[in-house]
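Q: Each residue of the sequence shown is one higher than the one before, counting from 87 in the numbering used here.
Ideal Cβ positions, reconstructed from N, Cα and C, are used throughout, including at glycine.
Every value quoted in this text rests on a predicted model; they were computed, and no experiment measured them.
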Amino acid sequence: YQFVSLLPEEEGNLVINWFSRNKITPIATINQNGIVINKPGRDLLEKAYAVKLGIDTEKKEIVIRPLSVDEAESPAIDPDDVFPLTGGKSYTRISSRAFISYLSILTKKDYSEPKKYLCSYEEKENYFYVELDKEVEGL
């Protein structure tokens with residue numbers, strides 16, 4: 087399991103970080119072919135049919151905007167801006183070698199070997215973020 091570091095809770099003389107399976111952190115793995123998001127992240131994107139991808143270079147984040155079928159097929163959105171989601175029950179995949187090449191140029195990082203990053207979701211804005219300054223090692 088991957089987990090969120092929760093605020094410690096004091097119990098007597100102990101300071102304890104309690105673990106909960108309900109608080110597992112979304113993790114994205116980026117490789118040269120695209121982005122794979124683990125089950126907690128997939129669960130946040132479960133209503134999405136496709137996504138739009140962007141990069142916030144100031145905040146060092148990949149911005150993922152979930153799209154419904156109607157939004158993805160709308161004439162208001164350029165089909166070249168739509169990336170279908172694929173995957174299974176425990177992950178979702180966004181495939182785009184071109185996007186990863188673009189990301190590599192902007193971030194000056196090599197994704198020929200997979201890298202894992204913490205993710206977050208902003209419900210109000212309906213954006214999913216891959217936080218490029220929060221690389222996870224050892225998972």
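1) How many Å lie between residue 169 and residue 101 at the Cα?
2) Roughly how many angstroms lie between the CA atoms of residue 135 and residue 104, to the nearest whole one?
3) Using the DSSP secondary-structure output, state which residues sit across from residue 150 in a beta bridge.
4) Should the region 196-212 be called in touch with the region 116-124, which here means at least 3 C-beta pairs below 8 Å?
5) In chain order, what residues of the same chain have a beta carbon less than 7 Å from the beta carbon of residue 193, not counting five sequence neighbours either side?
6) Verify whether the separation of the beta carbon atoms of residue 154 and residue 133 is less than 8 Å.
7) For residue 92 and residue 221, what's the separation of their Cα atoms in angstroms?
8) With residue 116 as the anchor, note down where its beta strand (DSSP E) starts and where it stops.
9) For a test of the three-state rule: what should DSSP assign to residue 174, helix, strand or coil?
10) Taking residue 167 as the reference, which of 131, 145, 181 and 173 has the closest Cα?
11) If I'm right that residue 171 touches residue 141 with Cβ under 8 Å, what's the distance once you round it to whole angstroms?
A: Taking the geometry as given:
1) 44 Å
2) 35 Å
3) 139 and 214
4) yes
5) 218
6) yes
7) Model confidence at residue 92 stands at a pLDDT of 49, short of 50, so the residue's coordinates are unreliable; what they give is reported in the following sentence. For residue 92 and residue 221, the distance between alpha carbons rounds to 18 Å.
8) 113-117
9) coil
10) 181
11) Not really, about 19 Å apart at Cβ, beyond 8 Å.
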